[in-house]
Amino acid sequence: MRFRQYKFKFYLNARHGIYKNGVLGEVHPHTWEIVINVVKGKDETVKFHHLEHRVEELLNRYQDKTLNEIAPFDMINPTLENMCEYFKDELTEILNRNGWIFLMMEMSESPSMSYVVSLIDDSYTEEMQTINSLTDRILKEIKQSRD
Numbered sequence: 021m022r023f024r025q026y027k028f029k030f031y032l033n034a035r036h037g038i039y040k041n042g043v044l045g046e047v048h049p050h051t052w053e054i055v056i057n058v059v060k061g062k063d064e065t066v067k068f069h070h071l072e073h074r075v076e077e078l079l080n081r082y083q084d085k086t087l088n089e090i091a092p093f094d095m096i097n098p099t100l101e102n103m104c105e106y107f108k109d110e111l112t113e114i115l116n117r118n119g120w121i122f123l124m125m126e127m128s129e130s131p132s133m134s135y136v137v138s139l140i141d142d143s144y145t146e147e148m149q150t151i152n153s154l155t156d157r158i159l160k161e162i163k164q165s166r167d
């Protein structure tokens, strides 16, 4: 195997209120669990603390705050789905800058409810039978996006 897959877990303690029909609902706290699945080259040195530090820097901007008062959630409804999409984009940038490849992210606001975003979509599920073919596909997409 040319690559190794890792899973990281992070926690975000914050408050939010959801807008429904233009009206802000009750602001309430959560401890969101954020799980990311990533790939790193097998021959590369893995500096876990470096990546963890970068992710914690991102999350610390929101830690113990009301999300509705902080960009971008002062402009977009801080639903689980919107939060997950935003953090996926931010985390993907951090991962790419540090030599990691994003595969999947799961964000939970309770033990029974999660939202998942992934680079794997239904159009090539059959093609992705092994981690090697998945990684090859992702590397190709990353290369194409940089060109």
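Count along the sequence shown starting at 1, add 20, and that's the number in the numbering used here.
C-beta atoms are modelled at their ideal positions from N, C-alpha and C, and glycine is treated no differently.
A quick note: this is a predicted structure, and the numbers were derived from the prediction, not measured.
Just list the residues that DSSP pairs residue i with in beta bridges.
i	result
L32	W52
S134	S128
N97	For N97, which the question treats as bridged, DSSP gives no partner whatsoever.
F23	G61
Y39	L44
T18	Residue numbering for the chain in the displayed model covers 21 to 167; residue 18 lies beyond these limits and cannot be assessed.
F122	V58
Would residue i count as contacting chain C if we go by Cβ distances under 7 Å?
i	result
E72	Given the protein chain composition of this structure (a single chain), no chain C is represented.
What's the C-alpha gap between residue i and residue j?
i	j	result
V136	M127	6 Å
M133	N88	21 Å
N102	T65	33 Å
M95	I158	31 Å
D109	S138	11 Å
Drop a sphere of 10 angstroms on the beta-carbon of residue i, count the other beta-carbons inside from all chains shown, and report buried for 16 or more, exposed for fewer.
i	result
A91	exposed
H70	exposed
V75	buried
L111	buried
Just checking my contact of residue i with residue j at CB under 8 Å: how many whole Å lie between their CB atoms?
i	j	result
K60	F23	7 Å
I38	N97	6 Å
Assuming contact is defined by CB atoms lying nearer than 7 Å, are residue i and residue j in contact in what I supplied?
i	j	result
E129	H48	no
F107	L115	no
N57	K85	no
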